[in-house]
Amino acid sequence: YTLRHQGHVRVDIFYHKFSERTCAWVDLLGTLLLLFPLVGFIFWVSWDYVLESWKVLEGSREAGGLPGVFLLKTLLLLMPLTMMLQGLALMLRSWQTIHGVRRG
């Protein structure tokens, strides 16, 4: 949500002085060089953890606890996937701005 609405913290001391095209370049490169490697790493690190949980259909160890902990752990994989999709949308928007394509 925050990424979609451009709410993440930036170095606004410089960013607000940039032209729209330069801001698009910053967004494009930031997505490629920072967001994608980070969410890729989170996905990679979480994969085995979630897979093991699914193999045993892990539930809570506490009496009366949640029966489907493996489902909750799946969110560790869904988060980077949704961030990647939003990053792709941001890259497309930046690409359109850089090349002067008007959005409707």
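FYI, the numbering used here numbers position 87 of the sequence shown as 76, with every residue one higher than the one before it.
Positions of the beta carbon are idealized from the N, C-alpha and C atoms, including for glycine.
Bear in mind that the values here come from a model prediction, so they are computed numbers and not experimental data.
CB-CB length for residue i against residue j, believed under 8 Å
i     : j     : result
THR11 : MET80 : Rounded, the Cβ-Cβ distance is 16 Å, inconsistent with contact.
Candidates the options: closest to residue i by CA position
i     : options                        : result
MET68 : SER35, GLY(-4), HIS5, ALA13    : SER35
LEU27 : MET72, SER83, ILE87, VAL90     : MET72
THR63 : GLY76, ILE2, LYS44             : LYS44
PHE3  : GLY53, VAL15, VAL90, GLN(-5)   : VAL15
PHE30 : ALA78, ARG82, LEU70            : LEU70
THR86 : HIS(-6), LEU17, GLN(-5), LEU74 : LEU17
Alpha carbon of residue i to alpha carbon of residue j, nearest angstrom
i       : j        : result
LEU(-8) : GLU51    : 36 Å
LEU66   : TYR38    : 10 Å
LEU40   : HIS88    : 42 Å
VAL90   : PHE59    : 44 Å
SER83   : TYR(-10) : 18 Å
LEU61   : ALA78    : 26 Å
PRO56   : GLU47    : 7 Å
LYS6    : TRP33    : 37 Å
Classification of residue i by the beta-carbon crowding that lies within 10 angstroms, buried from 16 upward
i     : result
ALA13 : buried
LEU24 : buried
SER8  : exposed
GLY76 : buried
SER49 : exposed
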